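Q: Below you'll find the structure I mean.
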Amino acid sequence: PIKSSLLAVFTELSLKGITCTDSDAFMKAIEVGMKAIEASPANTTCHTLPNCGYTTFEHLCQAVQYAPMVEAVGQDLRDVTLFIFIWWAFVSLMLFGTGRARAEDGYSHLFTRHMIVFMGVIGVQFILALYAALRILVSVPQLHKPRPASFFEQTDTMFWELPLACYSNKHQMHHAGPILGQSCTVLRRLLKAFLYCVAAAAFSIDFLAAFASRLLRSADAEQELVQQAIEELKKHELREERWEDDAPFLYFLPAEWVRECSTTMLPRMQSLRDVKILTKFKIPLVDALRGEGIINRILFVSHRWEVPEQPDVEGKQLAAIKAYLHAHLDIEWVWFDFSTMPQGENRTPYEKAEFSLMLTAITDFYLTARVLILLDGSYASRFWTLTEAWCSMQTATPMGLRPATEDEHRYTIECIHNAKFETSGKGLIDLVSTKTPDDMYSILAKPDVNVTNAKDKDAMLPKIKQINEHVVETFHKHASALQTTEQASPSVDVAVEDARPLTVRKSCNNAELDDFKPLGERGDSERPPTARDRPDDALWA
Numbered sequence: 001p002i003k004s005s006l007l008a009v010f011t012e013l014s015l016k017g018i019t020c021t022d023s024d025a026f027m028k029a030i031e032v033g034m035k036a037i038e039a040s041p042a043n044t045t046c047h048t049l050p051n052c053g054y055t056t057f058e059h060l061c062q063a064v065q066y067a068p069m070v071e072a073v074g075q076d077l078r079d080v081t082l083f084i085f086i087w088w089a090f091v092s093l094m095l096f097g098t099g100r101a102r103a104e105d106g107y108s109h110l111f112t113r114h115m116i117v118f119m120g121v122i123g124v125q126f127i128l129a130l131y132a133a134l135r136i137l138v139s140v141p142q143l144h145k146p147r148p149a150s151f152f153e154q155t156d157t158m159f160w161e162l163p164l165a166c167y168s169n170k171h172q173m174h175h176a177g178p179i180l181g182q183s184c185t186v187l188r189r190l191l192k193a194f195l196y197c198v199a200a201a202a203f204s205i206d207f208l209a210a211f212a213s214r215l216l217r218s219a220d221a222e223q224e225l226v227q228q229a230i231e232e233l234k235k236h237e238l239r240e241e242r243w244e245d246d247a248p249f250l251y252f253l254p255a256e257w258v259r260e261c262s263t264t265m266l267p268r269m270q271s272l273r274d275v276k277i278l279t280k281f282k283i284p285l286v287d288a289l290r291g292e293g294i295i296n297r298i299l300f301v302s303h304r305w306e307v308p309e310q311p312d313v314e315g316k317q318l319a320a321i322k323a324y325l326h327a328h329l330d331i332e333w334v335w336f337d338f339s340t341m342p343q344g345e346n347r348t349p350y351e352k353a354e355f356s357l358m359l360t361a362i363t364d365f366y367l368t369a370r371v372l373i374l375l376d377g378s379y380a381s382r383f384w385t386l387t388e389a390w391c392s393m394q395t396a397t398p399m400g401l402r403p404a405t406e407d408e409h410r411y412t413i414e415c416i417h418n419a420k421f422e423t424s425g426k427g428l429i430d431l432v433s434t435k436t437p438d439d440m441y442s443i444l445a446k447p448d449v450n451v452t453n454a455k456d457k458d459a460m461l462p463k464i465k466q467i468n469e470h471v472v473e474t475f476h477k478h479a480s481a482l483q484t485t486e487q488a489s490p491s492v493d494v495a496v497e498d499a500r501p502l503t504v505r506k507s508c509n510n511a512e513l514d515d516f517k518p519l520g521e522r523g524d525s526e527r528p529p530t531a532r533d534r535p536d537d538a539l540w541a
């Protein structure tokens with residue numbers, strides 16, 4: 001028997017090209033079927049009719065039986081293909097558009113409220129696509145099964161022919177009738193459209209804010225927003241958030257967190273900031289230039305970026321930093337540009353303003369803090385690394401800069417990759433350690449000293465030439481304040497402890513941790529300073 005509701009499909013098949021060669025016989029079959037429906041709506045009987053394009057009418061009935069299944073398979077294939085395309089677009093935007101799904105970010109940006117909604121909706125669609133894929137796996141093998149004539153003597157065969165069902169076409173749905181079948185199709189399409197609209201809306205909130213909106217702004221408009229943010233930072237009502245040239249703020253990594261870090265490389269700044277790992281505080285420049293206060297418990301890392309997107313591809317830099325920190329337990333804070341300054345092309349105007357302001361103060365801190373130089377074969381060819389290395393080998397005085405003596409060394413050279421101290425290390429020291437600001441200006445201005453952003457070189461070269469004047473001005477500007485401080489506090493125990501000279505690494509490969517230790521042995525009664533020892537003039541955020 002053929003289900004009477006399938007006669008509509010039978011007719012539709014004829015309109016789609018599945019027709020009998022004998023049109024009279026074909027129409028006679030339809031008439032027989034319609035009369036049978038009037039007599040018994042449940043079933044009608046197949047009769048063998050000649051010249052229909054099939055050897056028996058049962059074969060034609062079999063085509064009718066398959067019709068909803070074939071249509072359903074096509075619908076499922078469209079669902080799965082559409083889902084794959086949406087995920088391809090989503091992943092492409094995440095990796096190359098907003099940059100939210102990069103491994104070095106720790107994936108923290110994925111977990112905003114909007115992105116969670118988006119991923120939840122896409123998860124529902126994934127379930128629907130998986131459901132469609134399973135139906136395809138069940139249905140397709142049945143399309144290859146032969147159907148003997150006795151098959152059509154069975155009842156309720158369509159229940160098994162349409163697995164995991166709610167299959168329907170424009171006219172009918174098995175066991176439900178045409179009205180419910182059409183309603184099911186419409187509701188299903190509306191549900192999918194709703195899910196995609198919600199997903200698009202949720203994703204667009206973050207995407208437009210982080211990436212697309214910038215495409216609508218010209219470079220001049222973007223720069224104007226950055227300049228406005230700079231002015232706001234300089235006039236911020238909260239002092240700890242206000243930018244002051246004499247007491248700039250920077251973001252720092254807790255040294256203890258770095259010592260225990262289990263990742264291969266340090267994440268970028270925005271990821272660490274979002275999970276509240278970074279700490280921002282001010283450092284008075286005059287104290288830093290005198291080697292007093294918190295500056296003695298901060299390590300600045302000088303390193304070369306190995307690729308444009310990531311400075312530490314193999315994790316060698318982080319390993320060297322951790323080794324240094326384990327040997328110097330008095331270090332409480334670490335500055336590593338990738339992890340402590342806003343990164344990426346999708347920075348907000350506020351982040352760009354912070355970056356620009358902090359960049360102007362970097363040389364002051366390389367002149368005063370302890371510096372770990374991670375030396376590789378290309379280190380001496382880069383503008384910023386050469387500048388940092390030179391600053392780390394100078395001593396600031398009220399009369400300006402002079403080369404640091406052996407007892408005043410603040411830098412440690414750690415060779416990584418193919419660099420050797422006997423060649424690269426000594427070569428770097430010979431190249432920059434005794435140079436005057438004018439000498440360094442000439443070296444850094446050479447075309448073989450490369451920089452990623454040419455504007456950095458143009459902006460910093462004049463400052464290198466005037467750095468002596470800047471140091472002298474800073475000392476003189478605060479001379480009276482320094483005298484008052486000396487009278488009120490004639491000795492600073494923490495500064496004395498932390499200001500002891502450091503060795504220069506002589507052996508760069510497979511070195512022992514002892515190579516990092518300060519000159520002189522630490523007595524049993526001595527202890528590394530802790531956060532409780534930080535000076536009152538350090539402003540904490």
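If you're matching positions, the sequence shown starts at 1 in full-length UniProt numbering and goes up one per residue.
Backbone N, C-alpha and C fix where the C-beta goes; we use that ideal spot for every residue, glycine too.
Computed from a prediction, not measured in an experiment: that's the story for all the values here.
Return the bridge partner residues of residue 279 from the DSSP annotation.
A: Sequence index remark: in the sequence shown, residue 279 carries index 279 (1-based). Answer is 252.
Q: Mind checking whether residue 325 and residue 255 have CB atoms under 8 Å apart?
A: Translated into the one-based positions of the sequence shown, residue 325 becomes position 325. Translated into the one-based positions of the sequence shown, residue 255 becomes position 255. It is a contact, given that the beta carbons lie within the stated cut-off.
Q: By alpha-carbon positions, which one of 227, 244, 298 and 240 ends up nearest to residue 234?
A: Stepping through the sequence shown from its first residue, residue 234 is reached at position 234. Ranking 227, 244, 298 and 240 by Cα distance to residue 234 puts 244 first.
Q: Give the secondary structure of residue 396 by DSSP, where H, G and I count as helix, E and B as strand, and everything else as coil.
A: Counted from its first residue, the sequence shown places residue 396 at position 396. Of the three classes helix, strand and coil, the one that applies to residue 396 here is strand, per DSSP.
Q: May I ask you to list the residues that DSSP assigns as paired with residue 244?
A: By 1-based counting over the sequence shown, the position of residue 244 is 244. In DSSP, residue 244 forms no bridge with anything.
Q: Identify the continuous alpha helix (DSSP H) that holds residue 475 and give its terminal residues.
A: By 1-based counting over the sequence shown, the position of residue 475 is 475. Start and end: 467-477.
Q: Per DSSP, what kind of secondary structure is residue 412 in: helix, strand or coil?
A: On the sequence shown, residue 412 is found 412 positions in, with the first residue counted as 1. If DSSP states are grouped into helix, strand and coil, residue 412 belongs with the strands.
Q: Which of the three DSSP states is assigned to residue 338 in this structure?
A: The sequence position of residue 338 within the sequence shown is 338, counting from 1. Residue state, collapsed to three classes: helix.
Q: Looking only at its chain, what residues have a beta carbon closer than 8 Å to the beta carbon of residue 377, apart from the 5 residues adjacent to it on each side?
A: In the sequence shown, counting from the first residue as 1, residue 377 sits at position 377. Only 417, 418, 419 and 424 meet the Cβ criterion.
Q: CB of residue 263 to nearest heavy atom of the ligand SAH: below 7 Å?
A: The ligand SAH is not part of this structure, which contains no ligands at all.
Q: Please return the same chain residues whose Cβ sits closer than 8 Å to the Cβ of residue 261, not counting the five positions on each side in sequence.
A: Taking the first residue of the sequence shown as position 1, residue 261 is located at position 261. Taken in chain order, the residues that qualify are 318 and 322.
Q: When we look at the beta-carbon of residue 286 and count the other beta-carbons within 10 Å, is it buried (16 or more) or exposed?
A: Stepping through the sequence shown from its first residue, residue 286 is reached at position 286. Buried, because 16 or more other Cβ atoms sit within 10 Å of the Cβ of residue 286.
Q: Which term fits residue 159, buried or exposed, when burial requires 16 or more other beta carbons within 10 angstroms of its beta carbon?
A: On the sequence shown, residue 159 is found 159 positions in, with the first residue counted as 1. For residue 159, the pLDDT reaches just 44, beneath the cut-off of 50, and the residue's location in the model is therefore unreliable, leaving the point undetermined.
Q: Applying the 10 Å Cβ sphere with the 16-neighbour rule, what's the burial state of residue 466?
A: Start at 1 with the first residue of the sequence shown, and residue 466 comes out as number 466. Label assigned to residue 466: exposed.
Q: Here's a check: name, in chain order, each residue in its chain whose Cβ is nearer than 6 Å to the Cβ of residue 334, leaving out the five neighbours to either side.
A: What you label residue 334 is simply residue 334 of the sequence shown in a count that begins at 1. The residues are 253, 255, 258 and 299.
Q: Measuring straight from C-alpha to C-alpha, what distance separates residue 409 and residue 393?
A: Here residue 409 refers to the residue found at position 409 when the sequence shown is read from its first residue. Here residue 393 refers to the residue found at position 393 when the sequence shown is read from its first residue. About 7 Å.
Q: If we count the other Cβ atoms within 10 Å of its Cβ and call it buried at 16 or more, is residue 294 buried or exposed?
A: The residue given as residue 294 occupies position 294 in the sequence shown. When all chains shown are included, residue 294 counts as buried.
Q: What do you get for residue 291, buried or exposed, if any count of 16 or more other CB atoms within 10 angstroms of its CB means buried?
A: Within the sequence shown, numbered from 1, the residue matching residue 291 stands at position 291. The residue is buried, with at least 16 neighbouring Cβ atoms inside 10 Å.
Q: Let me know the secondary structure DSSP gives residue 433 once reduced to three states.
A: As a position in the sequence shown, residue 433 is number 433, starting the count at 1. In this structure, residue 433 counts as coil in the three-state DSSP scheme.
Q: Just to confirm, is the Cβ distance from residue 365 to residue 288 under 8 Å?
A: Locating residue 365 in the sequence shown gives position 365, where the first residue counts as 1. Locating residue 288 in the sequence shown gives position 288, where the first residue counts as 1. Yes, these two residues count as a Cβ contact at 8 Å.
Q: In three-state terms, what does DSSP make of residue 262?
A: For the purposes of this step, residue 262 is taken as residue 262 along the sequence shown, with counting starting at 1. In the structure shown, residue 262 sits in coil (DSSP, three-state: anything other than H, G, I, E or B).
Q: In whole angstroms, give me the CA-to-CA distance for residue 342 and residue 368.
A: Within the sequence shown, numbered from 1, the residue matching residue 342 stands at position 342. Within the sequence shown, numbered from 1, the residue matching residue 368 stands at position 368. About 23 Å.
Q: Report the residue from 399, 133 and 398 whose alpha carbon sits nearest the alpha carbon of residue 78.
A: For this step, residue 78 is matched to residue 78 along the sequence shown. Closest by alpha carbon: 133.
Q: Going by the CB atoms, is the gap between residue 338 and residue 250 shorter than 8 Å?
A: Stepping through the sequence shown from its first residue, residue 250 is reached at position 250. Stepping through the sequence shown from its first residue, residue 338 is reached at position 338. Contact: no.
Q: Out of curiosity, what's the CA-to-CA distance linking residue 345 and residue 357?
A: Walking along the sequence shown from the start, residue 345 turns up at place 345. Walking along the sequence shown from the start, residue 357 turns up at place 357. Their backbone Cα atoms lie some 17 Å apart in a straight line.
Q: Can you give the beta carbon distance from residue 431 to residue 383, rounded, assuming they're within the 8 Å contact cut?
A: The residue given as residue 431 occupies position 431 in the sequence shown. The residue given as residue 383 occupies position 383 in the sequence shown. The Cβ separation is near 14 Å, so there is no contact.
Q: For the putative contact between residue 413 and residue 375, defined by C-beta atoms under 8 Å, what is the C-beta separation to the nearest angstrom?
A: Position 413 of the sequence shown, counting from 1, holds the residue named residue 413. Position 375 of the sequence shown, counting from 1, holds the residue named residue 375. The Cβ separation is near 5 Å, so the contact holds.
Q: Just mark residue 302 as buried or exposed, buried being the case when its beta carbon has 16 or more other beta carbons within 10 Å.
A: For the purposes of this step, residue 302 is identified with residue 302 of the sequence shown, where counting begins at 1. Answer is buried; the Cβ neighbour count reaches 16.
Q: So, is residue 460 buried or exposed, given that buried needs 16 or more other C-beta atoms within 10 angstroms?
A: The residue you call residue 460 lines up with position 460 of the sequence shown. Per the 10 Å Cβ criterion, buried.
Q: According to DSSP, simplified to helix, strand and coil, what is residue 296?
A: Indexing the sequence shown from 1 puts residue 296 at position 296. Correct three-state label for residue 296: helix.
Q: Could you give the first and the last residue of the continuous beta strand (DSSP E) run that contains residue 370?
A: Within the sequence shown, residue 370 is the residue found at index 370, counting from 1. Counting along the chain, the beta strand (DSSP E) containing residue 370 begins and ends at 370-375.
Q: Tell me the rounded alpha-carbon separation between residue 283 and residue 232.
A: On the sequence shown, position 283 is the one that residue 283 refers to. On the sequence shown, position 232 is the one that residue 232 refers to. Cα to Cα, the separation comes out at about 20 Å.
Q: What separation, rounded to the nearest whole angstrom, lies between the Cα atoms of residue 434 and residue 380?
A: Working through the sequence shown from its first residue, we reach residue 434 at position 434. Working through the sequence shown from its first residue, we reach residue 380 at position 380. Near 15 Å, if we compare the C-alpha coordinates of residue 380 and residue 434.
Q: Between the alpha carbons of residue 126 and residue 271, how many angstroms are there, rounded?
A: The residue labelled residue 126 in the question sits at position 126 within the sequence shown. The residue labelled residue 271 in the question sits at position 271 within the sequence shown. Cα to Cα, residue 126 sits roughly 28 Å from residue 271.
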